[in-house]
Amino acid sequence: MNRKKHHRALIALSMVPEMGPGRARRLLQLSNVESADQLFDLDIRDYLKADGIGKQISKNLSNFEDWDSVDKILDRTERIGANLLAYDDSHYPQLLKHIYDPPLILWYKGDLNALEKPGVAVVGTRNPGSYGLSQAEEWSKKLVQKGICINSGLAYGIDAKAHQTAVENGGKTIAVLGSGIDVIYPARNKPLAKRIIETGGLIMTEFPPGAQPDAGNFPGRNRIVSGMSHGVLVVESGVKGGSMITARYALDQNREVFVVPHQLGYMKGEGCNYLIQNGQGKLVRSIDDILEEISIEANSDTVSEKPPSTWKTLELSEEENQLCELLDQKSLHIDQISEKLNQPTFKLLPKMLTLELKGAIVQKAGKYFEAR
Numbered sequence: 482m483n484r485k486k487h488h489r490a491l492i493a494l495s496m497v498p499e500m501g502p503g504r505a506r507r508l509l510q511l512s513n514v515e516s517a518d519q520l521f522d523l524d525i526r527d528y529l530k531a532d533g534i535g536k537q538i539s540k541n542l543s544n545f546e547d548w549d550s551v552d553k554i555l556d557r558t559e560r561i562g563a564n565l566l567a568y569d570d571s572h573y574p575q576l577l578k579h580i581y582d583p584p585l586i587l588w589y590k591g592d593l594n595a596l597e598k599p600g601v602a603v604v605g606t607r608n609p610g611s612y613g614l615s616q617a618e619e620w621s622k623k624l625v626q627k628g629i630c631i632n633s634g635l636a637y638g639i640d641a642k643a644h645q646t647a648v649e650n651g652g653k654t655i656a657v658l659g660s661g662i663d664v665i666y667p668a669r670n671k672p673l674a675k676r677i678i679e680t681g682g683l684i685m686t687e688f689p690p691g692a693q694p695d696a697g698n699f700p701g702r703n704r705i706v707s708g709m710s711h712g713v714l715v716v717e718s719g720v721k722g723g724s725m726i727t728a729r730y731a732l733d734q735n736r737e738v739f740v741v742p743h744q745l746g747y748m749k750g751e752g753c754n755y756l757i758q759n760g761q762g763k764l765v766r767s768i769d770d771i772l773e774e775i776s777i778e779a780n781s782d783t784v785s786e787k788p789p790s791t792w793k794t795l796e797l798s799e800e801e802n803q804l805c806e807l808l809d810q811k812s813l814h815i816d817q818i819s820e821k822l823n824q825p826t827f828k829l830l831p832k833m834l835t836l837e838l839k840g841a842i843v844q845k846a847g848k849y850f851e852a853r
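Residue numbers (this note's numbering): 482 to 853.
Shown next as structure tokens:
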């Protein structure tokens, strides 16, 4: 596969009206398509074979001719020293790949090796108090000391403090932008973005170079922050705001949500207390409260001796045996199981519970499962 042609075609797909990443991925799964550039050689009848692709979208794709704009984006990408990371490239974040609508292509600057480290998102209000800032610094420091990458959105306040703390303590941090890779927002954080790159971190975005930080971009940015992370730590937030949106995305994506508690009556912390009160987030008091939930050992290369499989001695259905056989190889996140078996998570989770009750599998921290 010619990766440059593939990347060029993915950018073009993102510009087709009404396409979206979900429909684009379904088109890329057509049996006669190996790379994105081949899609533009097909006709409308081929497009209609993909699920969810109707006549209007097929017509939009068939009529696409704005390759000059695509090439201008590629030229600008090269000119500013940025790079492209496609959905099917080897360094694409595995956790992000399993959310509902992962970006088809990302622009980035920095070291892709930062994506190999387990990550936790640290988020909060843009206008924190002294308690919020001190908590962001304390938790970020503890996380990087455990080898965890800090993911956030480079915004004022809690985001910036989390990134800064990671850099100052020799850790890795990834900033996800709601604008083009060459449009650092807020501008005051340009030195911080530069420092992140210089220290082996990463800045990345799904928006092309030159894209402005429009308000509608930030919810999409937040889904990436949570989607690429094992969990989200909400440090300080009101009941409304971007941090609460990120927490909701995390819950939808089967990610863990951790919350720093706040004193009653403190408006900037009401969102945190709300998440705790409604069982949507885990109150954290020590770093172990996070580590015991995110199961970062799932990324370890250490091979441990497994006890004899007990599920093979149980009377299970054919489907249950198939699940256990899959999980006997290694621990898998529920999203990975969903992808391998082509079943939605809401249908899989009751089956997993039944197998747990039978003693055939065990759920580990962070919604990872393995056979017993």
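We put the beta carbon where it would ideally sit given N, CA and C, even for glycine. These numbers were taken from a predicted model, which means no experiment stands behind them.
- Taking C-alpha positions only, V740 is separated from D640 by approximately 15 Å.
- For I534, no beta strand (DSSP E) encloses it, and the DSSP letter there is neither H nor E.
- Boundaries cannot be given for T680, as no beta strand (DSSP E) includes it and DSSP labels it neither H nor E.
- Per DSSP, the unbroken beta strand (DSSP E) holding K590 starts and ends at I586 to G591.
- Non-local C-beta neighbours of A731 in its own chain, meaning closer than 8 Å and more than five positions away in sequence, comprise A602, S707, S710, G712, V713, E737 and V738, ordered along the chain.
- Between the alpha carbons of E679 and Y849 lies a distance of about 34 Å.
- Restricting attention to alpha helix (DSSP H) runs no shorter than 4 residues, the stretch 792 to 853 encloses them at 799 to 808, 815 to 822 and 826 to 839, ordered along the chain.
- Excluding residues up to 5 positions away in sequence, S516, A517, D518 and A567 lie with their Cβ nearer than 7 Å to the Cβ of H487 in the same chain.
- Shown here, K623 sits in a helix according to DSSP, grouped into three states.
- With fewer than 16 other CB atoms across the displayed protein chains lying within 10 angstroms of its CB, A668 is exposed.
- Its Cα nearest to that of A841, the residue L797 stands out among L797, S812, N670 and G610.
- Beyond the five residues adjoining it in sequence on each side, G762 comes within less than 8 Å, by CB distance, of V715, A728, V738, F739, V740, C753 and L756 in the same chain, given in chain order.
- Ranked by Cα distance from C630, the first of E801, A595, G605 and A636 is A595.
- Under the 10 Å beta carbon count, P825 is surrounded by fewer than 16 other beta carbons and is classified as exposed.
- When secondary structure is reduced to three states using DSSP, F521 falls in the helix class.
- By the Cβ neighbour-count rule, N670 is buried, with 16 or more other Cβ atoms within 10 Å of its own.
- Look at V715 here: in three-state DSSP terms it is strand.
- Each of I561, L529, I586 and P700 was checked against the Cα of R484, and the nearest Cα belongs to I586.
- For the stretch 627 to 668, the continuous alpha helix (DSSP H) assignments of 4+ residues that do not extend past its boundaries occur at 639 to 649, in sequence order.
- Following the DSSP letters along the chain, one finds L565 inside the beta strand (DSSP E) bounded by residues N564 to A567.
- The three-state secondary structure of E737, taken from DSSP, is strand.
- In the structure shown, L555 falls within a helical segment according to DSSP collapsed to helix, strand and coil.
- At a Cβ-Cβ threshold of 9 Å, L529 and L520 do not count as neighbours.
- With respect to the C-alpha of K540, the residue from I554, G652, E499 and V664 having the closest C-alpha is E499.
- Between the stretch 686 to 703 and the stretch 658 to 665, the count of Cβ pairs shorter than 8 Å is three or higher; the stretches touch.
- Collapsing the DSSP output to three states places V604 in a strand.
- Taking every protein chain shown into account, the CB of E717 has 16 or more other CB atoms within 10 angstroms, so this residue is buried.
- Around the beta-carbon of N759, fewer than 16 other beta-carbon atoms lie within 10 Å, marking it exposed.
- Ranking F688, N608, G682 and H644 by CA distance to the CA of P502 puts F688 first.
- Taken through DSSP and simplified to helix, strand or coil, K540 comes out as helix.
- Burial check for L838: the Cβ neighbour count within 10 Å stays below 16, so the residue is exposed.
- Remark: C-beta atoms of G628 and K598 approach each other more closely than 9 Å.
- With respect to I705, V657 sits close: the two C-beta atoms are nearer than 9 Å.
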